[in-house]
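A.B. asks:
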Ligand code: ASP
């Protein structure tokens with residue numbers, strides 16, 4: 034009987050409503066008491082944290098990564114499910130995927146409605162995630178995010194609705210599998226770039242996201258560098274454009290050895306070096322990297338992991354992004 038390791042971290046799926054707002058409270062074992070599980074699966078539980086994901090720091094990340102390593106070191110474990118808050122699930126699942134080369138799946142899930150909501154969505158999401166983690170179709174697919182009957186590869190997945198139970202999508206990529214009426218339906222098999230050599234103990238270096246907005250100057254960019262950022266991600270306009278002032282700051286940062294990755298503040302579509310005058314073509318000429326369709330948050334994780342684990346972060350990012 035396959036063993037699935039459930040790593041519970043908190044989030045809305047584990048939260049109850051209280052007088053001062055919602056708080057994560059339930060353990061992994063409590064989550065399972067509400068959840069229909071496949072008969073032929075044994076679930077072992079570890080409580081990693083019981084907090085909201087918007088409050089995560091590098092400490093929680095390190096603890097989760099250690100638990101994942103421990104689970105994967107156990108040959109009895111056929112797959113892992115991580116229950117997690119939805120607010121940062123797209124970045125945490127992506128970071129985990131960057132270092133995950135094992136064939137066994139890691140499936141993230143959560144909920145938009147609390148555990149004590151009469152129409153809670155957590156139990157069905159957890160049930161789907163466990164079934165998926167135990168299913169052969171999930172092997173070799175890396176890290177998946179399973180929500181509302183759809184499972185997305187971590188790369189490209191985004192929270193697309195603040196409250197709807199269909200809270201996630203992978204714009205332009207779509208789901209990798211469906212979980213419907215007790216069946217797992219494979220849809221696409223996205224390529225898996227080779228895992229980066231990050232370990233649970235690799236420190237995540239400071240990489241800041243700089244938003245572009247009408248009239249943006251270099252104040253935030255300069256502040257990030259002054260705070261010690263080793264890489265910067267632009268949440269750029271449109272297909273990857275900045276402005277003449279930011280362009281000069283990028284040119285200087287790259288010359289000083291700080292990698293700059295261009296992503297878009299638009300939630301769908303790739304960036305491309307198209308425009309001069311502070312646009313993407315100018316940024317490319319100044320030495321910036323382009324993050325294809327990664328969100329700024331996922332781009333930040335890729336750049337940080339590359340800086341943490343390889344001597345030439347720019348080359349690592351470019352090679353990783355070259356795998357479609
Ligand atoms: N809204 C969040 C959730 O859905 C809170 C969090 O990220 O923990 O879980």
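In my numbering, the protein residues as written are 34 to 357.
Even glycine gets a Cβ: it sits at the ideal position worked out from N, Cα and C.
1) Below 8 Å on the Cβ atoms is my contact criterion, and I expect residue 117 with residue 42 to pass it. Report the Cβ-Cβ distance as a whole number of Å.
2) Please tell me whether, using a cut-off of 6 Å, the distance from the CB of residue 85 to the nearest non-hydrogen atom of ligand 1 is below it.
3) Which runs of the alpha helix (DSSP H), 4 residues or longer, sit entirely within the stretch 167–215?
4) Does the beta-carbon of residue 158 have 16 or more other beta-carbons within 10 angstroms, so that it is buried, or is it exposed?
5) Could you give the distance in angstroms between the alpha-carbon of residue 10 and the alpha-carbon of residue 67?
6) Kindly indicate which three-state DSSP category residue 219 falls into: helix, strand or coil?
7) Sort out for me which residues DSSP pairs residue 40 with in a bridge.
8) Under 8 Å by Cβ, that's how I've got residue 272 and residue 313 pegged, so tell me the actual separation to the nearest angstrom.
9) How many whole angstroms separate the CB atoms of residue 121 and residue 89, which I take to be in contact at a CB cut-off of 8 Å?
10) For residue 96, verify whether its CB is less than 6 Å away from any heavy atom of ligand 1.
11) Would the C-beta of residue 45 count as close to ligand 1, meaning under 6 Å from any of its heavy atoms?
12) Could you name the residues of the same chain whose beta carbon sits closer than 6 Å to that of residue 354, not counting the 5 residues immediately before and after it, in chain order?
13) Exposed or buried, which one is residue 53 when buried takes at least 16 other CB atoms within 10 Å?
14) Taking C-alpha atoms, which residue in 179, 107, 192 and 237 lies nearest to residue 211?
15) Do you know whose CA, among 231, 146, 147 and 86, lies nearest residue 98's CA?
16) Would you check if the distance between the CB atom of residue 187 and the CB atom of residue 176 is smaller than 7 Å?
17) Between the stretch 289–308 and the stretch 261–270, do three or more beta carbon pairs fall short of 8 Å?
18) Report the rounded CA-to-CA distance for residue 246 versus residue 300, giving the unit in angstroms.
19) From the DSSP output, in three-state form, read off residue 274 for me.
20) Return the first residue and the last residue of the alpha helix (DSSP H) that residue 98 is part of.
21) Assign residue 329 to one of three DSSP states: helix, strand, or coil.
22) Can you give me the C-alpha to C-alpha distance between residue 75 and residue 277, rounded to a whole angstrom?
23) Given that a residue counts as buried once 16 or more other Cβ atoms are within 10 Å of its Cβ, and exposed if not, what is residue 351?
24) I'd like to check one pair, residue 198 with residue 181: are the Cβ atoms closer than 7 Å?
25) Under the assumption that residue 111 contacts residue 36 (Cβ atoms under 8 Å), give the Cβ distance between them as a whole number of angstroms.
26) Go to residue 141, then tell me how far its beta strand (DSSP E) extends in each direction, as first and last residue.
27) Taking the alpha carbon of residue 302 as the point to measure from, which residue in 47, 323 and 216 has its own alpha carbon closest?
28) Give the DSSP-derived three-state secondary structure of residue 288 in the structure shown.
C.D. replies: According to the structure data:
1) 5 Å
2) yes
3) none
4) buried
5) Shown here, the chain extends from 34 to 357; a query on residue 10 therefore has no answer.
6) strand
7) 79 and 115
8) 6 Å
9) 6 Å
10) no
11) yes
12) 325
13) exposed
14) 179
15) 231
16) yes
17) yes
18) 15 Å
19) strand
20) 91–105
21) helix
22) 58 Å
23) exposed
24) yes
25) 6 Å
26) 139–142
27) 323
28) helix
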